[in-house]
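Asks: Each residue of the sequence shown is one higher than the last, beginning at 1 in full-length UniProt numbering. Can you read through this structure? Questions will come right after.
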Amino acid sequence: MINVEKVGYHIAGRPLLQNVSFVAETGQLLAIIGANGAGKSTLLKILSKELAPDSGKVEMRGENLKSIRNNQLARFRAVLAQNNALAFNFNVSELVMMGRYPHFDGSPSKQDHEIVEYALQQTDIIHLRDRIFLTLSGGEQQRVLLAKVLAQLTDIEDIYGLPHPAPQPKYLLLDEPITGLDLYHQHNLLEIIRTLTLRNFCVIAILHDLNLTMQYADQVLILNSGKTIAFGKPVQVMTPANIFSAFHISVDIIHPPEYTHPFIVHSRSFSEQPLLEEKWERSNGQSQGFYL
């Protein structure tokens with residue numbers, strides 16, 4: 001698990017995180033949600049050791065994160081950041097193989113190649129293996145980067161369903177992983193994450209789609225201005241009051257009996273200003289409504 005205790009972080013005296021505490025369990029997906037500027041990416045950078053907290057601590061595998069050597073950390077923790085700009089013409093297979101770098105010296109082994117092949121298949125990009133990364137669409141690039149972090153944390157035992165000699169938890173940190181993906185690949189990625197949690201992974205992801213969060217997350221951390229609004233199971237903490245506190249928008253929670261999870265819909269109250277003025281037009285005797 002990842003244990004976060006009273007973490008704070010400041011820039012030029014301005015607090016970006018204040019007294020944030022939670023526990024992310026192995027075998028679960030923890031989603032971080034909140035408005036722009038809430039501190040989500042800053043928190044993920046602290047969890048990935050890119051930033052060091054000004055106060056508090058982060059523990060991973062029961063050890064203080066700051067005391068874990070980077071080369072050791074890379075063997076069991078992978079990060080998919082928002083901005084992964086590349087200036088070199090690597091093809092897809094070469095880029096995904098970079099995820100295996102912490103596991104070999106010199107040249108990759110047969111097992112490394114098998115793991116890369118597995119990651120390409122899992123992320124539905126096997127047909128892109130020889131394409132230059134920079135020529136791909138934004139959604140395709142996102143899937144390649146997901147394959148890279150998947151290759152980084154996959155063992156040969158995972159591919160063939162073999163028992164691990166000494167299984168240890170692994171950690172996957174994702175900053176807005178479904179950005180740029182079409183609907184099919186959004187769900188495909190989240191299903192991959194669900195499969196990973198069954199393999200002793202702890203996954204922490206920043207998500208913006210509240211309904212996908214409700215459907216897939218095991219735990220949710222809601223941030224606002226660097227502070228925790230709520231932490232717990234989605235159905236317990238994703239309430240209209242908490243969502244209004246985080247996003248300043250009124251919502252209703254509906255739960256049709258034929259679905260296993262609730263849905264969040266915008267509820268326009270009389271106290272709110274319309275997001276877009278309603279406009280009604282008549283065409284061929286039919287009315288069309290336009291609003292957000």
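Idealized CB from N, CA, C, for every residue including glycine. Quick caveat, the model's predicted, so the values are computed rather than measured.
1) Grouping DSSP H, G and I as helix and E and B as strand, with all else coil, what is M60?
2) Over the uninterrupted beta strand (DSSP E) stretch that includes L80, give me the two end residues.
3) Output needed for S107: all residues of its chain with C-beta closer than 7 Å, excluding positions within five of it in sequence on either side, in chain order.
4) When you compare the CB positions of V203 and T197, do they come within less than 8 Å of one another, or not?
5) What does DSSP give as the partner residue(s) for T228 in the beta ladder?
6) Just the Cα atoms here: how many angstroms apart are K148 and L16?
7) When we look at the beta-carbon of K66 and count the other beta-carbons within 10 Å, is it buried (16 or more) or exposed?
8) Between which two residues does the beta strand (DSSP E) holding E5 run?
9) L221 CB to nearest chain C CB: under 8 Å?
10) List the endpoints of the continuous alpha helix (DSSP H) containing A38.
11) Just checking my contact of residue 356 with G27 at CB under 8 Å: how many whole Å lie between their CB atoms?
12) Just to confirm the assignment, what range does the alpha helix (DSSP H) spanning I156 have?
13) Can you confirm whether the stretch 110-119 touches the stretch 140-154 when touching is taken to mean that 3 or more C-beta pairs between the two stretches lie within less than 8 Å?
14) Looking at the structure shown, is P256 part of a helix, part of a strand, or coil, going by DSSP?
15) Just the C-alpha distance for L43 and V92, rounded to the nearest angstrom, thanks.
16) Suppose contacts are defined by Cβ-Cβ distances below 8 Å. Is Q219 in contact with G232 by that definition?
17) On the premise that E25 lies in contact with M60, defined as a C-beta separation below 8 Å, what is that separation, rounded to the nearest angstrom?
18) Give the C-beta separation of L181 and G139 to the nearest angstrom, bearing in mind that I take them to be a contact with Cβ-Cβ under 8 Å.
19) Taking Cβ positions, are A38 and N224 nearer each other than 8 Å?
20) Taking only three categories from DSSP, how would you classify K170?
21) Alpha carbon to alpha carbon, how far is A31 from G13? Give it in angstroms, no decimals.
22) Pick helix, strand or coil for S55, following the three-state DSSP scheme.
23) Just tell me which of F244, N200 and P262 has its CA closest to the CA of I33.
24) Closest by CA to D112, which one among A241, I159 and Y184?
25) Quick one: complete alpha helix (DSSP H) runs, 4+ long, within the stretch 174-205?
Replies: Taking the coordinates as given:
1) The answer is strand: DSSP assigns M60 an E or B state.
2) From DSSP, the beta strand (DSSP E) with L80 extends over R77 to L80.
3) Residues of the same chain with a CB within less than 7 Å of the CB of S107, apart from the 5 flanking positions on each side, do not exist.
4) Contact: yes.
5) The beta-bridge partner set that DSSP reports for T228 consists of L223.
6) Rounded to whole angstroms, K148 to L16 spans 30 Å at the Cα level.
7) Per the 10 Å Cβ criterion, exposed.
8) I2 to I11 is the span of the beta strand (DSSP E), which, as asked, contains E5.
9) In the displayed structure, chain C is absent; only one protein chain is listed.
10) Where A38 is concerned, there is no enclosing alpha helix (DSSP H), given that its DSSP letter is neither H nor E.
11) No answer is possible for residue 356: it lies beyond the span of the chain, which begins at 1 and ends at 292.
12) Boundaries of the alpha helix (DSSP H) harbouring I156: I156 to Y160, taken from the DSSP string.
13) In the pairwise beta carbon analysis, the stretch 140-154 is classified as touching the stretch 110-119: at least three pairs are separated by under 8 Å.
14) The three-state secondary structure of P256, taken from DSSP, is coil.
15) One C-alpha to the other measures close to 29 Å.
16) Taking C-beta atoms as the reference points, Q219 and G232 count as a pair closer than 8 Å.
17) A Cβ-Cβ separation of about 13 Å leaves M60 out of contact with E25 under the 8 Å criterion.
18) About 5 Å separates the two Cβ atoms, so the contact holds.
19) Cβ atoms of A38 and N224: closer than 8 Å.
20) Correct three-state label for K170: strand.
21) Each residue's alpha carbon lies about 28 Å from the other.
22) When DSSP states are grouped into helix, strand and coil, S55 belongs to the strand group.
23) Among F244, N200 and P262, the Cα nearest to that of I33 belongs to F244.
24) When each option's Cα is compared against that of D112, the closest is I159.
25) Correct list: 183-197.
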